[in-house]
Amino acid sequence: MTRRTRRRVYVATMAAAVGAGAPLWAPAVLARLPGFRVEEVRVVGTHYVPPDRVASLASVEPDASVWDDPARWEARVRSDPMIADARVRRTGAHRIEIHVTEIEPVALVPTPDLVPVDSAGHLLPLDPAQADLDLPILGSGATVEGGHLSDPGSRRLLDVLDRLRSAEPGFVRSASQFLRVPGGVEVFMTGGGDARRVYLPDSDPEAGLRRVEAALAARGGGSSAARVDARFDGQVVVAGKGES
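Quick note: the sequence shown uses the numbering used here, first residue 935, plus one each step.
Rendered as structure tokens:
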């Protein structure tokens, strides 16, 4: 058996030992072996952040091993304001994958320019036109401090939007704008739906939406409503086309 063959057998044996539950020091030993250098970095899970930007952020060293502790690479990727989490996995003797969880934009806020925000109200560094964002507009004007929404009205609208996204995501996808009105929120709907404007109580928008759906179902199909108001308990006002 040649020296090169013996080295390959040793490397393979050590890798198998780690997979079989070798001591915690085994990865550190393997990381020093030349047979496990990182030659390929794959990025998984991105939609808004370019994969090459993720790879650049990770800055995997030229002499890095797939057995190296990935914590430093993960921390570098998480420093991006659009990335919520990053995990590095070994997927071969010379390949690692960076699995990314992005921060999701949920609405556009006029500041006065339209800027995407996440569910916590943080402004996101995305160009709505370039990212092709199909999101509802939140309010008619917002106050921003320290990179996040600070005015109570916008925060309240964001809370209503977030609750409806969890309960009725299809409704939110059909909404074009959320506005504050006395007693709740006014939601402008895109064309083709059962109602053009929907009014919901901000205290319990989910229950309000259920009342709206029940009222429209009782009204029957074939015609859409100009306005459906469910802000007040015990009543739902449905106005047809041409009614105020």
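Where is the CB? At the ideal position from N, CA and C, for every residue including glycine.
Beta-carbon spacing of residue i, residue j below 8 Å
i            : j            : result
residue 1037 : residue 1058 : yes
residue 1030 : residue 972  : yes
residue 1123 : residue 1109 : yes
residue 978  : residue 1032 : yes
residue 1121 : residue 1114 : no
residue 1070 : residue 1106 : yes
According to DSSP, residues forming a beta bridge with residue i
i            : result
residue 1035 : 1019
residue 1056 : 1082
residue 1159 : 1129 and 1174
residue 1051 : 1041 and 1057
residue 999  : 971
residue 1029 : 974
Terminal residues of the beta strand (DSSP E) in which residue i lies
i            : result
residue 1111 : 1109–1115
residue 1093 : Here residue 1093 belongs to no beta strand (DSSP E); instead the alpha helix (DSSP H) covers 1086–1101.
residue 1120 : 1118–1123
Contact belief for residue i with residue j at Cβ below 8 Å, rounded distance in angstroms
i            : j            : result
residue 1089 : residue 1118 : Not really, about 15 Å apart at Cβ, beyond 8 Å.
residue 1019 : residue 1035 : 4 Å
Range of the contiguous alpha helix (DSSP H) that encloses residue i
i            : result
residue 974  : Where residue 974 is concerned, there is no enclosing alpha helix (DSSP H), although the beta strand (DSSP E) it sits in stretches over 974–978.
residue 1007 : 1005–1012
residue 1168 : Taken as a continuous stretch (DSSP letters only), residue 1168 belongs to no alpha helix (DSSP H), as it is neither H nor E.
residue 985  : 985–992
residue 1141 : 1139–1153
residue 1065 : 1062–1065
#### Entry: Cβ pair count under 8 Å reaching 3, the segment 1040–1052 against the segment 1071–1089
yes
### Message
Assess contact between the segment 1132–1148 and the segment 1097–1114, defined as three or more Cβ pairs (one per stretch) separated by less than 8 Å. Is contact present?
### Response
yes
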